Each structure stands twice: as C-alpha cells, then as structure tokens.
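Peer 1: In terms of the working numbering, the sequence shown opens at residue 2 and continues consecutively. Sending over a structure as structure tokens; questions will come in a sec.
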Amino acid sequence: MKTINRSQLFTASCLALLVTSLSFGIRAGILNKLGVDFGLDKGELGTIAATAFWGFPLAVIIGGLIVDVLGMKKLLVFAFLFHLIGILLTIFAGKFGNPFWSLFFSTLLIGIANGTVEAACNPLVTALFPENKTTKLNHFHLWFPGGIVLGTLIVYFFDKIALGWQIQVAIMIIPALIYGFLFAKQDFPVTERVANGISTGEMYKSLANPLFLFMIICMFGTAITELFTGQWIDVLLRNVTDNALLVLTVSTGVMVIGRAFAGPIVEKLAPQGVLLMSAILATLGLYLLGNTSGNMIFAGALVFGAGVCYFWPTMLGFVAEYLPKTGAVGLNLMGGAGMFAVSIYMMFMGGVYDKYIAEKLPQGADMKLYNSAEATEEMKTALNEANKAAGPEIINTTLIIPVILIAAFIGLNLYMRKRRQLAL
C-alpha cells in the first residue's frame, strides 16, 4: 500500500518551482550581460528570453495530456534531467559554436523543464489538498516570486563581488539535486480527476465549456502582465534608475508575502474577486513604473507586485474549484496558454523595443555599432538616452492589457454572482 507523505511531496514541489523561478530571476539579471558579452541586440535577447516561454507551454500541455498515463513521478524525473542539462549548457554557452544558439537551446531545455514541473506539480498540489486548492496553489506558487527574489539578489550581490554570470547560473544546480532526490524516494497519489472517477472523455468534453475558454483567454493577459514585465524589467528600466534589478526584487518580494497570506483574502473575496482586485492594482502599478522616476518607481513596483501576485495561482485555483472536470489537462492548458502568450508577446516586443530605440537615435544610425565595443562616448550617450525613453514606452504599451482584464473580471464577477443566485 502506498504511503503518501503530503509534507515531503509539497516541499519537493516547492523546491522544483524554486529552480524554475531562479532561472527567471537569474536570467532577468544577466540578460543585459549576455547581450554585452556575446554582442547580441535586443531582438536576439528577446528571442533567447522567449525560448523559455516556448519550452514551457510545449512541456506543460504535453505533460497535461500524459500525466495520468505516465504518472507525476516520471514527469518530475524528466524535469530534473532537463533542468540539469539546460543549466550546464547555459554555463558553457559560447564554448562550443555560436553563443546565440547555445543560449537558445539551453534556455529551451530549461523552459521544457519548467513546464514539466508545472505540468506535474499543479495537479499534485490539488490532489494533496483537495479541500483547500486555491490557497495551497498560492502557497506553492509563492516559490515562484520567492525564487525570482533570490535570483535577482544573487545577481546583484555576486556582481558586487565580481563573480561571473556562469557561477550565478550554477547556483541552480543545488536545489535541482535536492528536489530530484526527494521526489525519487516518494510515493505519489493519483490525480484528483482519477480519484473522483471522472472519465477521460468527460474531462476532454469539459474543455469546451465556454467559461473555461474565457479563462484561457484571460490567462493570456494575466501571464503577459506578470511575466513579460518581470523578465524584462532590468532591461527596460536600467537607464531610468540605477537599481533596476532591485525594482524586480521589490515587486516579487511583495508577491511572496501576498501569496503566503492568500488564505483569508481568497476566503473573503472568492477567486473571481481576487482576480478583479489584482487587475486594478496591476494597472496602477504598471502606470507608475512607466510614468515615474526615482523612488516613485519603487512605489510602482510595490503596487504592481501586489497586483500580479495572485494572478497565476488564482487563475489555476478558479479552474480547479469551479471547473474540476477539466482535470490535470485543464490546469496545464491554462499554464501552457499563459506561457505561450508571453513567448509571442516577448518576441514581438523585442522588435518593437529596437524600433523605439532606433527612432530616438540619429537618422540612419547603425544600432549594432552603437551597441558595440567600438562605439564612441557620444554614441554611448545617445544610446543610453534612447534606452531611457524607450523602456517606459514599452511598459505603457503593455498597460492596455490589465485595463482590458479589469473589464473581463468585472464580467466574471457578475456571471459568478448570477450563477450562485441561480443555484440557491
């Protein structure tokens, strides 16, 4: 008979998500350095950063389809292996062949590992805590901003003592080895859908529910608002504030605290109320980030962090609570949709960012030259000024997304209120 140790499985899940989030935080901190070390422009950096978001939906959707067949344990073994290989390939990027492609494929592998963690651990958490799904998903997902805080602090302090980005990336190997060991020795439960006797056919039929499709569309917006901004914040605000990376640390620190105390808020407002509150705060926070300077940017980071902190886990919690028949596939389609949207948006906005910068340089200027070691002091000054103006413009362009989400979540709250009244 299987002995399910909820505490150890939950701890191992949190460590696996910690590796995922460290990859985001450290990559956000070293993205600019990769551009300088390997001569990559903003478009190429955008493509590399987006690669993690391609691997994620690929893995999370395929993982969602096969998790009930293979089992959550085997998926997490694959996640461990992909994490380890991806981290090592990143450390040795540029040693063998073109550095762009080394970073491209290493980031893709880490993205696949991250998606596999999400594919297995979200249904694992709901199976371990069926009585408290949204709150426990928030507790689990606090390790995502938590890891980003740790990752950005690692980058910040290691830079201060002149330790290279390769050592910063290597730090991720430690929690990866621990979560791999913990999962290897544990028995796993079946998914909640299997435990409740919901057939595979019924699960797939439930995916056509209009409410589920609406939530998928909303997931595009919530994921872009949170993850695009977080991944690019050091690049976008580097020329606006001397502590751009600490802006990300502040916003993600707020997310950790918010998710840790999610229980009473979810209980009071219900998931749909939490989502509406989040969209309003995220809109205000993005506006402050894109339209202020100095210490007010940190105020914007606080508000933005409070806004986006509940987005991802509460979107999943809403589906787990109100659309349980969609099972692991439903949860993982949500995650996959969010990451896919971020990857497309990130690639698109990388090009737009280059365009905004080019518009602010002298007509006919060669951006590659302005961004190279051969650039004159005059060129460097002009490029810094162009970056300073272009970064906030990208943030303001993204601002329309949470504004649309406010309208969408007002509609969701009205719909759920009506549904509750009809059920009485």
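The C-beta atom is built at its ideal place from N, Cα and C for all residues, glycine as well. Model, not experiment: these values are computed from the prediction.
Relative to the alpha-carbon of G30, which residue among V70, L151, I258 and G112 has its alpha-carbon at the smallest distance?
Peer 2: Comparing Cα positions, the closest option is L151.
Peer 1: In terms of residue numbering, what span does the alpha helix (DSSP H) encompassing I199 cover?
Peer 2: Careful: I199 lies outside any alpha helix (DSSP H) and carries neither H nor E.
Peer 1: Take L282 as the anchor and find which of P272, G112, V309 and L16 has the nearest alpha-carbon.
Peer 2: Looking at the Cα atoms, V309 is the closest of the given residues.
Peer 1: Can you give, in chain order, each stretch of the alpha helix (DSSP H) that sits fully within the stretch 67-134 and has at least 4 residues?
Peer 2: Here the runs fully enclosed are 73-92 and 100-129.
Peer 1: Looking at C-alpha atoms only, which residue of T293, V275, H84 and F410 is the closest neighbour of F25?
Peer 2: Looking at the Cα atoms, H84 is the closest of the given residues.
Peer 1: Mind reading off the beta-carbon distance from V275 to T315? Whole number of angstroms is fine, and I expect it under 8 Å.
Peer 2: Their Cβ separation, rounded to whole angstroms, is 5 Å, which keeps V275 and T315 in contact under 8 Å.
Peer 1: Assuming the contact rule is C-beta atoms closer than 8 Å, G286 and V304 should be a hit. Round their C-beta distance to whole Å, please.
Peer 2: Sure, about 4 Å apart at Cβ, within 8 Å.
Peer 1: Using CA atoms only, rank isn't needed, just tell me which of L400, K96 and V156 is closest to A171.
Peer 2: It is V156.
Peer 1: Quick one: Cα of D188 to Cα of A80, how far?
Peer 2: If you take the alpha carbons of D188 and A80, they lie about 17 Å apart.
Peer 1: Using 10 angstroms around the beta-carbon of E193, count the other beta-carbons present and answer buried if the total reaches 16, otherwise exposed.
Peer 2: That one is buried.
Peer 1: By how many angstroms is the C-alpha of F215 removed from the C-alpha of V343?
Peer 2: V343 and F215: Cα-Cα distance of roughly 18 Å.
Peer 1: Give the list of continuous beta strand (DSSP E) stretches no shorter than 3 residues that lie fully inside the stretch 285-316.
Peer 2: Runs of the beta strand (DSSP E) inside the stretch 285-316: none found.
Peer 1: Indicate the three-state DSSP secondary structure (helix, strand or coil) for M173 in the structure shown.
Peer 2: M173 falls in the coil class under three-state DSSP.
Peer 1: Please determine, among L249, D160 and A17, the residue with the shortest C-alpha to C-alpha distance to I174.
Peer 2: Comparing Cα-Cα distances from I174 to each of L249, D160 and A17, the minimum goes to A17.
Peer 1: List, from N- to C-terminal side, the beta strand (DSSP E) runs of 3 residues or more that fit wholly inside the stretch 359-405.
Peer 2: Whole beta strand (DSSP E) segments, 3+ residues: zero.
Peer 1: Find out if the Cβ-Cβ distance for the pair T284, P146 is shorter than 7 Å.
Peer 2: Not closer than 7 Å, so no.
Peer 1: Along the alpha helix (DSSP H) that carries F221, what are the first and last residues, could you check?
Peer 2: Residues P211 to A224.
Peer 1: Determine the burial state of K134: buried for a count of at least 16 other Cβ atoms within 10 Å of its Cβ, exposed for fewer.
Peer 2: Classification for K134: buried.
Peer 1: Indicate the three-state DSSP secondary structure (helix, strand or coil) for T136 in the structure shown.
Peer 2: Note: T136 maps to helix in three-state DSSP.
Peer 1: Quick test of your reading: V68 and P124, contact by CB under 8 Å. State the CB separation rounded to the nearest angstrom.
Peer 2: About 6 Å; that satisfies the 8 Å criterion.
Peer 1: Kindly indicate the opening and closing residues of the alpha helix (DSSP H) around N33.
Peer 2: Per DSSP, N33 belongs to the alpha helix (DSSP H) from R7 to F39.
Peer 1: N414 and L277: beta carbons closer than 7 Å?
Peer 2: Cβ distance < 7 Å, so N414 and L277 count as in contact.
Peer 1: Quick one: any contact between the stretch 319-327 and the stretch 348-358, if contact means 3 or more CB pairs under 8 Å?
Peer 2: Flag = no, the stretch 319-327 and the stretch 348-358 do not touch.
Peer 1: What are the boundary residues of the alpha helix (DSSP H) that G165 is part of?
Peer 2: First-last for G165: undefined, no H or E at that position.
Peer 1: Under the rule that 16 or more other beta-carbon atoms within 10 Å means buried, what is F158, buried or exposed?
Peer 2: F158 is exposed by the Cβ-count criterion.
Peer 1: Between V255 and A307, is the Cβ-Cβ spacing less than 7 Å?
Peer 2: Cβ distance < 7 Å, so V255 and A307 count as in contact.
Peer 1: Around the Cβ of R418, are there at least 16 other Cβ atoms within 10 angstroms (buried) or fewer (exposed)?
Peer 2: By the 10 Å Cβ count, R418 comes out exposed.
Peer 1: Measure the Cβ-Cβ separation of G95 and A53 and say whether it is below 7 Å.
Peer 2: It is not a contact, given that the beta carbons lie outside the stated cut-off.
Peer 1: Among I401, A261, N333 and G412, whose alpha-carbon lies nearest the alpha-carbon of A121?
Peer 2: Residue N333 is the option with its Cα nearest to A121.
Peer 1: Output needed for F97: all residues of its chain with C-beta closer than 6 Å, excluding positions within five of it in sequence on either side, in chain order.
Peer 2: Answer for F97: no residue qualifies.
Peer 1: Taking contact to mean 3 or more Cβ pairs, one atom from each stretch, closer than 8 Å, check whether the stretch 359-375 and the stretch 33-51 are in contact.
Peer 2: Verdict: yes, contact present.
Peer 1: In angstroms with no decimal places, state the Cα-to-Cα distance between L23 and P176.
Peer 2: Looking at the two C-alpha atoms, the distance is approximately 10 Å.
Peer 1: Just to confirm, is the Cβ distance from G65 to A329 under 7 Å?
Peer 2: Contact: yes.
Peer 1: Could you check which residue in Q422, K74, F221 and V37 has the C-alpha nearest to that of G336?
Peer 2: Residue F221 is the option with its Cα nearest to G336.
Peer 1: Going by DSSP in three states, T4 sits in which element: helix, strand or coil?
Peer 2: T4: coil per DSSP, three-state reduction.
Peer 1: On the CB-based measure, 16 or more other CB atoms within 10 Å of its CB, does L423 come out buried or exposed?
Peer 2: That one is exposed.
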